[in-house]
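Q: Yeah, the sequence shown ends on 782 if you go by our numbering, and it's all consecutive.
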Amino acid sequence: MVIQFILKVLGFLVERSVTSQIFVGMLKAQVLIFVLSLCCLKASFANGPVTDKAISDSSNTSEWLSYGRNHNEQRYSPLTKIDSKNVNQLAVEWYLDLPNDVGLVSTPLVKDGVIYFIGTMNVVRSVDARTGQLLWSYDPKVAEEIGGRKQVGWAHNRGISMFGNNLFFATWDGRLIALDIKTGKRKWSTRTFHIDEPLYITGAPKAFRGKVLIGNGGTENGPSRGYVSAYDAETGALAWRFFIVPGDPKEGFENAAMEMAAKTWTGEWWKHGGGGNSWHGFTYDPEFNTVYVGTGNGSPWNQKIRSPEGGDNLFLCSILALDADTGEYKWHYQTTPGETWDFNSNMDIVLADLKIEGKVVKAIMHAPKNGFFYVIDRTDGRLISAEAFADVSWASHVDMKTGRPVEIEGARYEDGQQVITPSPFGAHSWHAMSYSPRTGLVYLPTLHWAVDYDDAAYGEEWRGKPFALGTAVDFVEGESPRPYEGSLQAWDPITQKQVWSNPQETGWGAGTLVTGSDLLFQGLPTGKLVAYDAKNGESLWSYDAGLGISAPPITYELDGKQYLSILVGFGGGYASGFAFGASATKLGWAYGAQTRRLLTFTLGGSAKVPPQGRPVFAQPIFESDFEVDSDLATAGETLYAENFCVTCHGANAIASGMAPDLRSSAIPLSELAPVFAQIVREGIKTGRGMPGIPELSDEELEALRHFIRMKAHEGFE
Ligand code: CA
66 MVIQFILKVL GFLVERSVTS QIFVGMLKAQ VLIFVLSLCC LKASFANGPV
116 TDKAISDSSN TSEWLSYGRN HNEQRYSPLT KIDSKNVNQL AVEWYLDLPN
166 DVGLVSTPLV KDGVIYFIGT MNVVRSVDAR TGQLLWSYDP KVAEEIGGRK
216 QVGWAHNRGI SMFGNNLFFA TWDGRLIALD IKTGKRKWST RTFHIDEPLY
266 ITGAPKAFRG KVLIGNGGTE NGPSRGYVSA YDAETGALAW RFFIVPGDPK
316 EGFENAAMEM AAKTWTGEWW KHGGGGNSWH GFTYDPEFNT VYVGTGNGSP
366 WNQKIRSPEG GDNLFLCSIL ALDADTGEYK WHYQTTPGET WDFNSNMDIV
416 LADLKIEGKV VKAIMHAPKN GFFYVIDRTD GRLISAEAFA DVSWASHVDM
466 KTGRPVEIEG ARYEDGQQVI TPSPFGAHSW HAMSYSPRTG LVYLPTLHWA
516 VDYDDAAYGE EWRGKPFALG TAVDFVEGES PRPYEGSLQA WDPITQKQVW
566 SNPQETGWGA GTLVTGSDLL FQGLPTGKLV AYDAKNGESL WSYDAGLGIS
616 APPITYELDG KQYLSILVGF GGGYASGFAF GASATKLGWA YGAQTRRLLT
666 FTLGGSAKVP PQGRPVFAQP IFESDFEVDS DLATAGETLY AENFCVTCHG
716 ANAIASGMAP DLRSSAIPLS ELAPVFAQIV REGIKTGRGM PGIPELSDEE
766 LEALRHFIRM KAHEGFE
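Here you go:
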């Protein structure tokens, strides 16, 4: 095109016989066309393959290239077009309905004017970021892969990753898949665990320096030994793997770090797997070529059974620093030594340069489940400071000399029973915190629950069963330390003090985004997307999406226009109805009653969004000629918990929107018992996220039906 233009100009110069006026006019037109075509060129083709430099570039506001926007995971955008004065003009520019999706919890990515995201059953979509037009979608056919097998975990996923010309995502059933970013065609697919293992993936892979890192979940689903794996971004070949906990010493150790870790375990821990599964919390640090991995809790939770003589049980509940090229151990910091409460450290790991006592510290900021906010020197893993960001009853403080928590007597339910806060759902879970280098504050979704642990029913002979929920300690909701379930707080990582806090009636506010105009955005389970003043927490604007929000917002700028996008689709543990806080069941986000959507806002956006379905509350069906057999119902209750029915259909068979409420469903009725068997045993609804449980006997299926009918009939007696 450039050559053509030059030739044309040369042509004109030769034909000087034309009047100079015409010549100048035509030249102007040619220059204009040239400039316009350059602009089009820039808009339609690309900033080139994704590199670490691009992912680290905070000034690239037209894109959002990785999970936490930049490699530092700050979720801070310097964009200022939307500000506190005009935020009240923020309105939907376009929307994309996602009628077949359920829980949507992921962070979309934006590259070259296209937005990419992963939805339910791990379907990846590519959408024009200006208009919302669907460009391509890729279905990894998870149901076909599972194919009638038993399965654990969830059909939702928290995100995707990009490197080079590839887009990466992982599946529920354990595959890591690379797609061509532009075409959505599959480049490679690799298994990260055997399909028959009781593991699952809901996490976003982390791509860096030609590799892609992924872990898995599964500490509560039978004996499990957690690990992370890095694959070659171009070929999918395994580059390295690092186990989180040591295996059986008789079989030898994989590396010196495992040998060191084994000294912190007692008994025959390997028979329980040990746990540590890394299902979330991966950060790449280009400055030190290090990946930081947030590690999981013990398998089982109860340390008396897992490692009976105690010990720190490395590397549970830690930040592990690994060499990005080789996976070699560099250092670790353990937040909860000898964990026994499900206080994993899988939460986001955010990097920032903090000025502390006159010196710039290369810091990690981390707020794990256990309720303490940690600032760590990422050059060597040294603890700089740690303070409680929520009510903490298991430890009084973190001792700065030893870097260890000082536990409160009784916290380990030594006498069998103890009420502890935070709960196993954490004072903070996977809902992303953001950090603004302008305000110097971290914006942290916080949970306020307590749990009553009781392990009286468990002895040393206890063994976890694959594909069965097992923690070796019972837990029920304890009295909450606060009159509200959640809060959004601004935390100063330097002074380690709360700057402001907004209490929230329902727990589990979603991940946050903060911008260069000091606006802070957060979606809530109530369906509100709220903009706050990041400096003081004042609410400036809100939009009612008509359905609970569980995903974090992102922002990008195209053609001088600032966009804000968010997935609306109540999801995650809270929506699945097994978490604490009955509030989730009171929101009316019933399965199939409201439409899942991708919403994109601009100032003065004028899309007419169809109204959402009204809140729906389950109406249990009374089957008059059904006589509940209490023994069968009791057996059914155990099966319901062990087989993870509880994790989507809710505690006490009261659903919160991620799956049908079984009390009001016709399927468990006697006349449809054969269909019930097809769904529950044969897995004919696997495509909707309901895998089969092949080994259930006819009597066990009946037991489940009796439990469901017992719960359905409760309101009628
Ligand atoms: Ca756990």
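Backbone N, C-alpha and C define an ideal beta-carbon position, used for all residues, glycine too.
Answer yes or no: does any C-beta atom of chain B fall closer than 9 Å to that of Pro-618?
A: Looking at the structure shown, chain B is missing, and only one protein chain is on hand.
Q: How about Gly-301 and Ser-254: do their beta carbons lie closer than 9 Å?
A: Yes, Cβ-Cβ distance for Gly-301 and Ser-254 is below 9 Å.
Q: Note down, one range per segment and in chain order, each beta strand (DSSP E) of at least 3 residues found wholly within the region 284–310.
A: DSSP runs (the beta strand (DSSP E)) wholly in the region 284–310: 292–297, 303–308.
Q: Return the first residue and the last residue of the beta strand (DSSP E) that Ile-183 is part of.
A: Where Ile-183 is concerned, the enclosing beta strand (DSSP E) stretches over 179–183.
Q: Exposed or buried, what is Met-465 when buried is set at 16 or more other beta-carbons lying within 10 Å of its beta-carbon?
A: It counts as exposed.
Q: Which whole runs of the alpha helix (DSSP H) in the region 116–199 are 4 residues long or more, in chain order?
A: If we require 4 residues or more, the alpha helix (DSSP H) runs fully inside the region 116–199 come out as 117–121.
Q: Thinking Ile-485 and Ala-515 are a contact (beta carbons under 8 Å), I'd like their distance in whole angstroms, please.
A: Contact holds; Cβ gap of about 7 Å.
Q: What is the C-beta distance between Ser-575 and Ser-615, in whole angstroms, given that I count them as a contact (C-beta under 8 Å)?
A: The identity of residue 575 in the sequence shown is Ala, whereas the question assumes Ser. Rounded, the Cβ-Cβ distance is 5 Å, consistent with contact.
Q: Below 8 Å, is the gap between the Cβ of Asp-539 and the nearest heavy atom of ligand 1?
A: Asp-539 Cβ: outside cutoff for every heavy atom of ligand 1.
Q: Taking a cut-off of 7 Å, which residues have a beta-carbon closer than that to any heavy atom of ligand 1, in chain order?
A: Taken from the N-terminal end onward, the list reads Thr-284, Glu-285, Gly-361, Asn-362, Asp-407, Asn-409, Pro-489.
Q: In this structure, does DSSP put Thr-580 in helix, strand or coil?
A: It is a strand residue.
Q: DSSP has Lys-424 in a bridge; who is on the other side?
A: DSSP lists Ile-421 as partners of Lys-424.
Q: Would DSSP call Leu-629 helix, strand or coil?
A: In the structure shown, Leu-629 sits in a strand (DSSP, three-state: E or B).
Q: Determine contact between the region 233–241 and the region 196–212, defined as no fewer than three beta-carbon pairs at a distance below 8 Å.
A: The region 233–241 vs the region 196–212: in contact.
Q: Going by Cα to Cα distance, which pick from Gln-561, Leu-612, Ala-644, Val-507 is closest to Thr-577?
A: Here the closest residue by C-alpha is Val-507.
Q: Opposite Ile-619 in the DSSP bridges: which residues?
A: Answer is Ser-630, bridged to Ile-619.
Q: Select from Val-157, Val-188, Asn-151 the residue whose C-alpha is nearest the C-alpha of Leu-169.
A: Out of Val-157, Val-188, Asn-151, Val-188 has the C-alpha closest to the C-alpha of Leu-169.
Q: Is Trp-335 helix, strand or coil when you go by DSSP?
A: Note: Trp-335 maps to helix in three-state DSSP.
Q: Can you name, in chain order, every residue of its own chain whose Cβ lies under 8 Å from the Cβ of Ser-721, other than the five neighbours on each side?
A: Closer than 8 Å at the Cβ level, and outside the excluded window around Ser-721, lie Phe-635, Tyr-639, Ala-640, Ser-641, Gly-642, Ala-649, Thr-650, Leu-652, Trp-654, Gly-715.
Q: Compare the C-alpha of Asp-162 against each of Gly-341, Arg-770, Ala-672 and name the closest.
A: When each option's Cα is compared against that of Asp-162, the closest is Ala-672.
Q: List the residues that DSSP assigns as beta-bridge partners of Thr-665.
A: Paired residues: Trp-159, Ser-630.
Q: Go to Ala-515, then tell me how far its beta strand (DSSP E) extends in each direction, as first and last residue.
A: Run containing Ala-515: 515–519, per the beta strand (DSSP E) assignment.
Q: Strictly by DSSP, which residues pair up with Val-440?
A: DSSP, once it has assigned bridges, lists Met-430, Ser-450 as partnering Val-440.
Q: What residue does the beta strand (DSSP E) around Pro-470 start on, and which one ends it?
A: Taken as a continuous stretch (DSSP letters only), the beta strand (DSSP E) holding Pro-470 covers 469–472.
Q: Please state the DSSP three-state secondary structure of Met-755.
A: Coil.
Q: Spatial neighbours of Trp-129 within its chain, please: CB distance less than 6 Å, with the 5 preceding and 5 following residues excluded, ordered by chain position.
A: Here the set comprises Leu-174, Val-175, Ile-619, Tyr-621.
Q: Determine whether the beta carbon atoms of Gln-399 and Cys-382 lie at a separation below 9 Å.
A: In contact: Gln-399 and Cys-382 (Cβ atoms closer than 9 Å).
Q: Taking only three categories from DSSP, how would you classify Glu-688?
A: In this structure, Glu-688 counts as coil in the three-state DSSP scheme.
Q: With C-beta atoms as the reference, is Ala-235 less than 9 Å away from Met-186?
A: No, Cβ-Cβ distance for Ala-235 and Met-186 is not below 9 Å.
Q: In whole angstroms, give me the CA-to-CA distance for Ser-171 and Ser-689.
A: C-alpha separation (whole angstroms): 43 Å.
Q: Helix, strand or coil: which one does DSSP assign to Leu-534?
A: If DSSP states are grouped into helix, strand and coil, Leu-534 belongs with coil.
Q: Nearest by alpha-carbon distance to Glu-158: which of Gln-627, Ala-700, Tyr-705 is it?
A: With distances taken between Cα atoms, Glu-158 lies closest to Gln-627.
Q: What do you get for Thr-467, buried or exposed, if any count of 16 or more other CB atoms within 10 angstroms of its CB means buried?
A: Result: exposed.
Q: Quick one: give me the first and last residue of the alpha helix (DSSP H) that Pro-736 is part of.
A: The sequence shown places Glu at residue 736, not Pro. Run containing Glu-736: none; DSSP gives neither H nor E here.
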